[in-house]
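A.B. asks: Below are the structure tokens for one structure; questions will follow.
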Amino acid sequence: HLQNSQNEVERQLKEMVEAEDFPADASQHIKLLDDMPGVGFITAVTLVAEIGDFSLFKSPKALVAFFGIDPSVNQSGKFTGDKNKISKRGTRFGRRVLFTVDMASIRTNRNGEPINPVLQEFYKKKCIDKKKKVALVAVMHKLLHYMFAVLRDGEPYQVRKPEQHQTWRQNHMKLVAA
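In terms of the working numbering, the sequence shown opens at residue 329 and continues consecutively.
Following this line, the structure appears as structure tokens:
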């Protein structure tokens with residue numbers, strides 16, 4: 329019964345997003361986020377609804393701060409705190425949705441293949457010297473940077489290792505400069 333209700337909600341959401349009176353940029357953003365590994369349709373709709381007008385975000389740092397994933401600074405006078413926590417200034421609901429995307433991105437599918445090999449490798453490296461929750465927040469931070477780039481460029485997400493991305497970016501910059 330619950331699965332039928334979820335399918336019905338998803339069907340209604342898809343109809344609403346595909347309707348002609350739905351904002352075109354929001355529809356495009358939902359499709360772009362839905363293409364990312366670990367992000368489902370309902371999650372993409374939720375994230376776009378939480379973000380709202382994407383043009384207000386000038387940098388990935390602004391998006392990270394909006395969701396409250398940025399570190400808070402604890403200092404007063406000469407005292408500087410050594411335990412940094414996330415600020416949690418942003419939307420609690422958005423952070424919860426990001427956490428589910430985070431968990432989905434670092435897991436493996438039934439065949440044993442990672443959903444997002446780059447993020448899974450990043451998470452495992454962070455877990456070597458950090459606590460698991462700290463590593464998860466680092467992955468959420470990276471995910472928001474990916475989402476910012478996808479929404480800014482209007483191009484689908486491509487899973488690339490950092491070395492591959494650097495090579496691609498250098499070639500892309502040469503083409504733009506020419």
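From the three backbone atoms N, C-alpha and C, an ideal C-beta is built for every residue, glycine too.
Per DSSP, P399 forms a beta bridge with which residues?
C.D. replies: To locate residue 399, count along the sequence shown from 1; it is residue 71. Answer by DSSP bridge pairing, in chain order: I414.
A.B. asks: Across which residues does DSSP place P445 in a beta bridge pair?
C.D. replies: Numbered from 1 along the sequence shown, position 117 holds the residue referred to as residue 445. Bridge partners of P445: none, in fact.
A.B. asks: As a quick exercise: from D349, V467, E441 and F382, pick the residue whose alpha carbon is nearest that of K453.
C.D. replies: Looking up residue 453 in the sequence shown gives position 125. Closest option to K453, Cα to Cα, is V467.
A.B. asks: Rounded to a whole number of angstroms, what is the C-alpha to C-alpha distance between T495 and T419?
C.D. replies: As a working note, residue 495 is residue 167 in the sequence shown. As a working note, residue 419 is residue 91 in the sequence shown. Roughly 36 Å separates the two Cα atoms.
A.B. asks: So, do the stretch 392-399 and the stretch 351-367 have three or more beta carbon pairs nearer to each other than 8 Å?
C.D. replies: no
A.B. asks: Where R435 and I443 are concerned, what is the direct C-alpha to C-alpha distance, given to the nearest angstrom?
C.D. replies: Within the sequence shown, the letter at position 107 stands for residue 435. Within the sequence shown, the letter at position 115 stands for residue 443. Cα to Cα, the separation comes out at about 6 Å.
A.B. asks: From N412 to R497, what does the alpha carbon distance come to, in whole angstroms?
C.D. replies: Position 84 of the sequence shown, counting from 1, holds the residue named residue 412. Position 169 of the sequence shown, counting from 1, holds the residue named residue 497. About 33 Å.
A.B. asks: Between Q331 and F369, what straight-line distance do the alpha-carbon atoms span, to the nearest angstrom?
C.D. replies: Translated into the one-based positions of the sequence shown, residue 331 becomes position 3. Translated into the one-based positions of the sequence shown, residue 369 becomes position 41. Each residue's Cα considered, the two are about 15 Å apart.
A.B. asks: Along the chain, where does the alpha helix (DSSP H) that runs through T374 open and close?
C.D. replies: By 1-based counting over the sequence shown, the position of residue 374 is 46. F369 to I379 is the extent of the alpha helix (DSSP H) around T374.
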